[in-house]
Amino acid sequence: MSNTSDYKFKGQKHSSGSARYKHIYYGDVSWWHVIKTELIITLFGWIPGALGLGLRSIFFRFIFAEIGHKTVFGKDITIRHPSKIKLGSNVVIDDNCVLDAKGEDNDGITIGNNVFIGRNTIIYCKNGSIWLEDEVNLSSNCQVFSSNQLTIGRGTMVGAYSYFLSGGEYDINDPTPFAQQSGMKTKGELTVGANTWIGARVTVLDAASIGENCVIGAGSVVNKPIPPYTLALGVPAKPIRNLKQQPE
5 MSNTSDYKFK
15 GQKHSSGSAR
25 YKHIYYGDVS
35 WWHVIKTELI
45 ITLFGWIPGA
55 LGLGLRSIFF
65 RFIFAEIGHK
75 TVFGKDITIR
85 HPSKIKLGSN
95 VVIDDNCVLD
105 AKGEDNDGIT
115 IGNNVFIGRN
125 TIIYCKNGSI
135 WLEDEVNLSS
145 NCQVFSSNQL
155 TIGRGTMVGA
165 YSYFLSGGEY
175 DINDPTPFAQ
185 QSGMKTKGEL
195 TVGANTWIGA
205 RVTVLDAASI
215 GENCVIGAGS
225 VVNKPIPPYT
235 LALGVPAKPI
245 RNLKQQPE
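Residue numbering for the sequence shown follows this note's numbering, starting at 5 and increasing by one per position.
Quick look at the structure:
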């Protein structure tokens, strides 16, 4: 996987608008895959209620690279590069979510078993990869971004409006205007350990990995790694106590 700051889509200079559209939204797949996906989403993606849930559980199975059993899709979900999206069993993806696995040489998005993704949550790659392990729970209106490698560990709970950023930085020492930079700089991979509780409106920045069995207080900004079994909070987040020790 490329972590360089000069990442560009190879298809940006395609002569036709249709070829550019396919490259940006679907990647290197056949036109049959594009037409099939567009038709399924157009016919069934908007239908509300139990009817919509039932139809999407049947027909959305033909969109993704891999999909397990009993996966539930809400309405009006945006799906980009579905050939790089793998879903486990008993996954719930609520209304208005975005799954975008774009990239040239990345693994895309992998979602384990028994994962819940709350409404309006955006999970997107920019030549990075994202792995949500089994039993991860993302509340509504979260954003998970990766231009590198981002992993959220098994059983982790994430409060609403939280933001995870792996890569996506700009070079302030580069004379190139920010709008013309690729935004691909990264300090390293971002990992959230298993059985961690992330409060609402928490921001976790590039390479600020969090250990297992941690608690991060609501509204915190994590800009440095947090060791396992730590209660941390604040802006920036600072360790308050070791959760293995009983409070005095």
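The beta-carbon is built from N, C-alpha and C at its ideal position, and this holds for glycine as well.
A quick note: this is a predicted structure, and the numbers were derived from the prediction, not measured.
What are the boundary residues of the beta strand (DSSP E) that includes K242? 242-246
Assign N131 to one of two classes, buried (16 or more other C-beta atoms within 10 Å of its C-beta) or exposed (fewer than that). buried
Can you check whether the CB of T125 is closer than 8 Å to the CB of C146? yes
Should T8 go down as buried or exposed, given a rule of 16 or more other Cβ atoms within 10 Å for buried? For T8, the predicted structure reports a pLDDT of 37, less than 50, and the residue's modelled location is therefore unreliable. The matter cannot be settled from this model.
I need the boundaries of the beta strand (DSSP E) containing W135, first residue and last residue. 133-136
Between T195 and the rest of its own chain, which residues show a CB-CB distance below 6 Å, the 5 nearest in sequence each way excluded? Closer than 6 Å at the Cβ level, and outside the excluded window around T195, lie T155, S213.
Count the CB pairs spanning the segment 157-168 and the segment 192-212 that are closer than 8 Å, and state whether there are at least three. yes
Measuring only the C-alpha atoms, how far is F66 from P179? 46 Å
Put R123 into one of helix, strand or coil per three-state DSSP. coil
Are the beta-carbon atoms belonging to S151 and G122 less than 8 Å from one another? no
When F149, Q249, G221 are compared against V239, the one with the closest alpha-carbon: G221
CB-CB under 8 Å to A211, same chain, minus the five flanking residues each way: which ones, in chain order? Apart from the 5 residues on each side of it in sequence, A211 sits with its Cβ closer than 8 Å to the Cβ of S170, T190, K191, G192, E193, L194, P229 in its chain, given in chain order.
Between the alpha carbons of S143 and G203, how many angstroms are there, rounded? 10 Å
Segments assigned alpha helix (DSSP H), at least 4 residues, entirely inside the segment 25-74: 35-48, 53-63
With a CB to CB cut of under 6 Å and the five nearest residues on each side skipped, what residues in its chain are close to G49? none
Straight-line CA distance for C129 to L55? 31 Å
Residues in the same chain with beta-carbon distance under 6 Å from S87, minus the five sequence neighbours each way, listed in chain order, please. V33, A69
Between the Cα of S165 and the Cα atoms of W135, T207, N141, L136, which residue gives the shortest distance? Note that residue 165 corresponds to Tyr in the displayed sequence, not to Ser. Residue T207 is the option with its Cα nearest to Y165.
In the DSSP assignment, find the unbroken beta strand (DSSP E) run with Y167 in it and report its ends. Taken as a continuous stretch (DSSP letters only), the beta strand (DSSP E) holding Y167 covers 167-170.
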